[in-house]
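Okay, so here's the structure we're looking at.
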Amino acid sequence: MQRTNFGGMACSIARTLDVIGEPWSPLILRDVWVGFTRFEQLQADLGISRKVLTERLNHLVEHGVLDRRPYDQRPRYEYVLTEKGTDLVDLLMVLAGWGDKWLAGEAGPPVVYRHHGCGEISAAGLRCTRCGEPMHARDVDPLPGPGAAV
Numbered sequence: 268m269q270r271t272n273f274g275g276m277a278c279s280i281a282r283t284l285d286v287i288g289e290p291w292s293p294l295i296l297r298d299v300w301v302g303f304t305r306f307e308q309l310q311a312d313l314g315i316s317r318k319v320l321t322e323r324l325n326h327l328v329e330h331g332v333l334d335r336r337p338y339d340q341r342p343r344y345e346y347v348l349t350e351k352g353t354d355l356v357d358l359l360m361v362l363a364g365w366g367d368k369w370l371a372g373e374a375g376p377p378v379v380y381r382h383h384g385c386g387e388i389s390a391a392g393l394r395c396t397r398c399g400e401p402m403h404a405r406d407v408d409p410l411p412g413p414g415a416a417v
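If you count by the working numbering, then the sequence shown holds residues 268 to 417, one letter each, in order.
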């Protein structure tokens, strides 16, 4: 079975899914963000096979989301978020907010976020980059952009 090439579509959502659209990649990014940067740590926390973890890490490095850095004499590496990867973690925080709202149940969210600026626990959300107001899908009109297929 041939995999669909989402990266070639004129759609930013499809292109993003080409990079992180399978379930392991967002979880790997989450783990690297919280400090699990070495292969063994990632494998132990996620319960993922070595083969799949190697493939996913290579994919994320190839797409510039993670950077691989040696940390030992043998070729051993740790993985760190690039600027591109850090921006994806922002997206994952919003995704987690959806899960907190709709899937967390009575116990509440499994993780909360303390904002460095004010020290308070807060939820991630989208804001308009022009006016700063909260922004939701119902508040925008998607229009063709300069990269739209003509």
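Virtual Cβ for every residue (Gly too), placed ideally from N, Cα, C.
None of the values given here were measured: they were computed from a predicted structure.
- Enumerate in chain order the residues of its own chain whose CB-to-CB distance from G274 is below 7 Å, with the five nearest sequence positions on each side excluded. Contacts found: R282, D285.
**OP:** Grab me the residues of K351's own chain with a C-beta within less than 8 Å of its C-beta, minus the 5 sequence neighbours each way, in chain order.
**Re:** Result list for K351: H330, G331, V332, in chain order.
Q | Residues near P413 in its chain [Cβ-Cβ closer than 8 Å; skip 5 each side] | A | Taken in chain order, the list of residues that qualify is empty.
Would you list the residues sitting across from V347 in a DSSP beta bridge? When beta bridges are read from the DSSP output, V347 appears opposite D334.
**Asked** Tell me, which residues are paired with P376 by DSSP?
**Response** Beta-bridge pairing links P376 to no other residue.
Report task. Kindly identify the DSSP beta-bridge partner or partners of S389. Result -> According to DSSP, S389 bridges with Y380.
Next item on the list: Could you tell me if W291 is buried or exposed, where buried requires 16 or more neighbouring beta carbons within 10 angstroms of its beta carbon?
Entry: Counting Cβ neighbours within 10 Å, W291 comes out buried, since at least 16 surround it.
Review point. For L393 versus P293, is the C-beta spacing smaller than 8 Å?
Key: Cβ distance not < 8 Å, so L393 and P293 don't count as in contact.
- Under the three-state reduction of DSSP, which class applies to R341: helix, strand or coil? Residue state, collapsed to three classes: coil.
Out of C278, R270, N272, T271, which has the shortest C-alpha to C-alpha gap to A420? Nothing can be reported for residue 420, as the shown portion of the chain is limited to 268 through 417.
In whole angstroms, what is the alpha-carbon distance linking P411 and I280? Distance between P411 and I280, taken at the CA atoms: about 14 Å.
By a C-beta neighbour count over all protein chains shown, 10 Å radius and 16 as the cutoff for buried, is V417 buried or exposed?
-> Only weak support exists for where V417 lies, its pLDDT of 47 falling under 50; the coordinates are left without a value.
query = Helix or strand or just coil, what does DSSP make of R297?
reply = Reduced to three states, the DSSP call for R297 is helix.
query = Of all the options N272, H382, Q340, which has the alpha carbon lying nearest to the alpha carbon of G288?
reply = Checking every option, the nearest Cα to that of G288 belongs to N272.
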